[in-house]
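> The structure under discussion is supplied below as structure tokens; questions concerning it will follow.
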Amino acid sequence: MTARRRVRVRVRGTVQGVGFRPYVHRLAGDLGLAGFVLNDAEGVLVEVEADGAAVDRFLERLAADAPPLAAVEHLEPSELTPLGDRGFAIVASEGGAEPSAGVTPDAATCDDCLAELRDPADRRFRYPFVNCTNCGPRFTIVVGVPYDRGNTTMAGFAMCAPCRAEYDDPADRRFHAEPNACPECGPAARLLGRWPIGTPVGGQLANDPVARAAAALADGAIVAVKGIGGFHLACRAGDERVVARLRARKRREEKPFAVMAADIEGARRLAVLGAAEEALMAARDRPIVLAPRRDDAGVAPSVAPGSADLGVMLPYSPLHHLLLADAATPLVMTSGNISDEPIAHRDDDALERLAGIADLFLLHDRPIATRTDDSVVRAVPGRPALVIRRSRGRVPDAIDLPVAAERPLLACGAELKSTFCLARGRRAWVGHHIGDLHNWETLRSFREGIAHFERLFAIVPEVVVHDLHPDYLSTAHALERQGVEHLAVQHHHAHLAACLAEHGWTGEAVGAIYDGAGLGTDGTVWGGEILVGDLAGARRAAHLRPVRLPGGDAAVREPWRMACAWLQEAAGPDPPLPPALAGRVDAAAWAAVARLARSELSPVTTSAGRLFDAVAALCGLRPRVSHEGQAAIELEAACDPGERGAYPMDGLDPREAILAITADVAAGVPTGVVAARFHRGLAAATADAVSDAASRGGAGAAVLSGGVFQNRRLLEDASTHLRRAGLRVLVPERLPPNDGGIAYGQAAVAAAGDP
Ligand code: ZN
Ligand code: ZN
Ligand code: FE
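Residue 0 is where the sequence shown starts when you use numbering that gives the first Met the number 0, and the numbers rise one by one after that.
Next comes the structure, spelled out in structure tokens:
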């Protein structure tokens with residue numbers, strides 16, 4: 000037996016609200032250690048005492064065997080004088096604990112809970128709300144701090160004796176699991192009919208609302224399903240009649256619907272999944288994963304019209320697991336809203352807004368505190384993921400800043416795919432996806448979200464950051480806040496800074512920032528920028544050749560207008576209507592837009608997004624779109640992977656390429672070849688422009704960001720060129736390249752610039 004030792008261990012990271020203390024209690028018990036564990040403002044503090052060998056084993060296993068939802072970032076042991084303790088205790092939290100402690104993202108049902116859900120002998124057999132310390136709702140049920148049951152939407156449910164015993168037992172998987180519940184004491188599901196609204200549905204299976212809803216789904220009904228972060232509209236994914244009906248009722252013109260499969264085998268039958276896609280899909284945040292649709296997917300054409308990809312996800316709540324297993328068919332699970340409104344998350348609101356869409360409502364009585372959409376990701380070789388939308392399952396994880404914010408700050412983001420960001424010191428919390436800040440409803444979500452995060456993380460902003468654009472509602476919100484310092488950050492600099500900051504890069508870099516639109520420092524609409532700079536500042540080194548934007552927003556909805564503007568730029572005044580658009584665009588309208596595109600009244604833009612629109616229209620793909628980026632997505636999907644040619648775009652001047660595309664399309668060159676040559680040409684020209692700017696300065700890294708870089712082909716191609724040129728390539732990984740990353744970038748700029 001070695002000499003007796005006592006060691007204090009400071010543990011930092013995500014270690015509160017994740018079952019860390021009971022885990023330490025069990026580990027200490029296994030190894031026969033005395034001492035205690037407690038939560039405090041810095042994380043978890045442990046003291047253990049035993050003979051030296053046991054203490055060493057404890058230190059070896061402490062991080063390695065940590066519970067699934069914990070993330071140990073730092074372990075700091077220090078030797079103390081042995082006190083001769085007996086036994087091991089979980090000590091009550093000390094006062095002054097950080098209020099943010101324990102608010103973690105919602106996590107998918109764990110295997111242990113799933114086993115109980117499926118075990119007829121278990122008291123939680125088929126209970127749609129089974130959860131434990133390792134899984135279940137978190138962020139979406141929190142109404143205040145500190146994180147305990149009274150501050151969640153579970154406050155109204157008093158635990159029964161068996162649940163309470165689990166909750167109080169440090170050795171139990173449900174020790175301090177705040178949403179702990181069972182059929183005796185917890186939330187219950189119910190199924191309501193549409194007409195008259197709120198009629199309980201009876202008949203067979205009346206006592207099992209989930210089974211009843213699944214049977215209705217299998218029969219072709221549309222069911223509004225209350226989930227974790229909001230309502231989904233569900234229906235059979237393979238039934239064109241019902242999917243088309245859902246699309247018509249939802250008035251969601253052409254945006255793709257996501258599909259939920261019962262398990263990974265079911266998902267494999269829908270989409271071509273590599274190991275990376277499967278890992279993303281099975282992860283605890285259970286995002287929607289975009290992957291190529293299988294030819295034999297058995298998914299109705301209306302699920303994702305015109306898209307080569309399919310958004311697929313796996314069940315993430317026990318209710319989903321039951322529903323999918325009972326329905327025995329993949330289900331469309333699309334956000335419960337009409338068109339571009341925010342997703343419904345309150346029962347009364349859902350019953351009202353979705354009454355014209357859903358035939359049945361599968362509800363439950365555990366309120367959703369914060370509306371949170373499904374996250375959306377795409378796999379990219381050699382990287383964690385390309386995040387398209389960061390929300391449920393990922394929020395409110397902090398993303399550290401490389402430079403500490405001297406003063407607490409709020410960054411209000413941009414306008415589309417809006418998010419906000421609060422920061423204090425090196426910690427930054429990016430809010431859930433709010434949506435496009437166009438209307439009162441989304442603005443209200445935005446304001447409520449900010450207020451909620453301010454309370455959750457105890458931040459009183461002293462600096463409020465916003466976009467340069469004076470007309471964004473986010474800018475207006477920032478400027479409304481009194482008694483703070485305001486800071487405007489240029490849109491594309493914020494894109495650059497967001498990517499630099501998440502990689503902890505504080506030096507200089509060159510960024511190709513391509514997106515739809517952002518106000519430039521010269522008052523024109525930017526969107527195809529080569530910026531040189533760092534977190535604190537950036538200058539424009541090069542940009543896409545500017546062109547006039549004929550008709551503002553109309554030019555976004557009608558890509559043929561950009562085709563007209565670009566063709567005129569390349570070929571001279573009044574270009575003839577290209578054959579690919581004949582019969583689809585009125586000749587008089589074409590002539591009028593050509594005139595508009597010569598007019599001083601039309602704004603000038605360097606937008607890469609609008610260039611994609613123009614090329615898609617010239618290919619005859621999409622003269623009109625229902626949402627921004629749609630034409631670009633279809634152009635990417637059309638690419639012939641075998642094509643090796645590229646259109647010339649030297650100096651980011653696409654005029655020659657536009658002429659070549661027009662000629663090729665007229666000559667009958669397949670769209671896939673034209674699309675591929677365009678992507679390859681733009682990727683090469685982009686890499687050249689970036690390398691060029693880097694060679695003139697001392698920048699050691701290249702950044703590719705902005706919404707256009709959701710295009711995997713462009714991203715991969717440009718990255719390859721840049722790596723060959725000897726540059727380190729940084730791309731967004733934890734945040735989206737689109738405007739969902741802007742708020743974090745603004746925060747990084749403000750932190751770096753604050754004296
Ligand atoms: Zn669990
Ligand atoms: Zn109970
Ligand atoms: Fe942008």
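For each residue, glycine too, the CB sits at the ideal point set by N, CA and C. Since the structure is predicted, the reported quantities are computational estimates derived from the model, not experimental observations.
For the beta strand (DSSP E) containing TRP728, name the first residue and the last one.
Checking the displayed sequence, the identity of residue 728 turns out to be Val instead of Trp. Residues 727-729.
> Could you name the residues that DSSP lists as bridge partners for GLU484?
VAL462, per the DSSP bridge assignment.
> Starting from the N-terminal side, write out each stretch of the beta strand (DSSP E) that is 3 residues or longer and does not extend beyond the region 674-746.
Segments of the beta strand (DSSP E) lying fully in the region 674-746: 700-704 and 727-729.
> Let's see if you can read the secondary structure: which residues bound the beta strand (DSSP E) around HIS363?
Start and end: 359-363.
> Taking contact to mean 3 or more Cβ pairs, one atom from each stretch, closer than 8 angstroms, check whether the region 35-50 and the region 5-19 are in contact.
Yes, since at least three Cβ pairs between the region 35-50 and the region 5-19 fall closer than 8 angstroms, the two stretches touch.
> For ligand 2, any of its heavy atoms closer than 7 angstroms to the Cβ of GLU183?
Within the cutoff, so yes.
> Apply the 10 Å Cβ neighbour rule to ARG583 and answer buried if 16 or more other Cβ atoms are within range, or exposed otherwise.
Looking at its Cβ environment, which holds fewer than 16 other Cβ atoms inside 10 Å, ARG583 is exposed.
> Is any heavy atom of ligand 1 found at a distance shorter than 7 angstroms from the C-beta of CYS162?
No - ligand 1 has no heavy atom lying nearer than 7 angstroms to the Cβ of CYS162.
> Could you check what DSSP says for PRO291 in three-state terms: helix, strand or coil?
It is a strand residue.
> Taking only three categories from DSSP, how would you classify CYS638?
Note: CYS638 maps to coil in three-state DSSP.
> Does the beta-carbon of TRP439 have 16 or more other beta-carbons within 10 angstroms, so that it is buried, or is it exposed?
Answer is exposed; the Cβ neighbour count stays below 16.
> Measure the CB-CB distance between VAL379 and VAL288 and report whether it falls below 8 angstroms.
No. Outside cutoff.
> For the region 240-256 against the region 358-365, are there 3 or more C-beta pairs whose distance is under 8 angstroms?
Counting Cβ pairs under 8 angstroms, fewer than three are found: no touch.
> Between ILE221 and ILE227, what straight-line distance do the alpha-carbon atoms span, to the nearest angstrom?
C-alpha separation (whole angstroms): 19 angstroms.
> Three-state secondary structure (DSSP) at TYR166?
The answer is helix: DSSP assigns TYR166 an H, G or I state.
> Quick check on the DSSP output: the alpha helix (DSSP H) that includes VAL668 runs from which residue to which?
It is not in any alpha helix (DSSP H) - VAL668 carries neither H nor E in the DSSP assignment.
> What number of angstroms, rounded off, separates the C-alpha of TYR126 from the C-alpha of ARG267?
Distance between the alpha carbons of TYR126 and ARG267 is about 27 angstroms.
> Should ALA52 and THR1 be called a contact, given that it needs their Cβ atoms to be closer than 8 angstroms?
Yes; because the gap between Cβ atoms is below 8 angstroms, this pair is in contact.
> Using a Cβ-Cβ cut-off of 6 angstroms (strictly less than) and excluding sequence neighbours within five positions of ALA674, which residues of its own chain qualify?
LEU634, ALA637 and CYS638, listed in sequence order.
> Can you tell me which residues fall inside 5 angstroms of ligand 1, judged by beta-carbon distance to its nearest heavy atom, and keep chain order?
That gives CYS109, CYS112, CYS131, ASN133 and CYS134.
> Please name the residue, chosen from ALA413, GLY527 and ASP39, that lies closest to VAL603 on a Cα-to-Cα basis.
It is GLY527 whose Cα lies nearest to the Cα of VAL603.
> State yes or no: is the C-beta of PRO469 nearer than 7 angstroms to some heavy atom of ligand 5?
Within the structure as shown, ligand 5 is missing, the only ligands being ligand 1, ligand 2 and ligand 3.
> Roughly how far, in whole angstroms, is the beta-carbon of VAL702 from the beta-carbon of SER718, given that I think they are within contact range, below 8 angstroms?
Between SER718 and VAL702 the Cβ distance is about 11 angstroms, and since that is not below 8 angstroms, they are no contact.
> Closest to GLY725 by C-alpha separation, out of LYS416, ASP691 and ALA746, would be which residue?
Checking every option, the nearest Cα to that of GLY725 belongs to ASP691.
> Taking 7 angstroms as the cut-off, is the CB of ALA176 close to at least one heavy atom of ligand 2?
No, ligand 2 has no heavy atom inside 7 angstroms of this Cβ.
> Kindly list the residues whose CB is nearer than 7 angstroms to the CB of ALA88, restricted to its own chain and excluding five residues on each side of it in sequence; keep chain order.
Hits under 7 angstroms: PHE35.
> Quick check: the region 307-314 against the region 402-409, are at least 3 beta-carbon pairs closer than 8 angstroms?
Taking 8 angstroms as the limit for Cβ pairs, the verdict is that the region 307-314 does not touch the region 402-409.
> With a cut-off of 8 angstroms on the beta carbons, I'd call ALA750 and ALA403 a contact; round off their distance for me.
Right, their Cβ atoms sit about 6 angstroms apart.
> Kindly indicate which three-state DSSP category PRO98 falls into: helix, strand or coil?
Any reading at PRO98 is ruled out, since the residue's pLDDT is 47, under 50, leaving its predicted position unreliable.
> Going by DSSP, what residues sit across from TRP428 in a beta bridge?
Looking at the DSSP assignment, TRP428 forms a beta bridge with ALA397 and LEU421.
> Report all residues from its chain with a CB closer than 6 angstroms to the CB of ILE741; omit the five preceding and five following residues, and keep chain order.
Result list for ILE741: GLY412, ALA413 and ALA493, in chain order.
> Taking the Cβ atom as the reference point for each residue, do THR369 and HIS476 lie within a distance shorter than 8 angstroms?
Result no, Cβ atoms of THR369 and HIS476 do not sit closer than 8 angstroms.
> Can you give me the C-alpha to C-alpha distance between GLY28 and ALA180, rounded to a whole angstrom?
Taking the straight line from one Cα to the other gives about 27 angstroms.
> Using the Cα positions of ASP533 and GLU276, report the straight-line distance between them to the nearest angstrom.
One C-alpha to the other measures close to 33 angstroms.
> Is the distance from the Cβ of PRO314 to the Cβ of ALA261 below 8 angstroms?
Cβ atoms of PRO314 and ALA261: closer than 8 angstroms.
> Measure the Cβ-Cβ separation of GLY608 and VAL707 and say whether it is below 8 angstroms.
Their beta carbons are under 8 angstroms apart, which means GLY608 touches VAL707 by this criterion.
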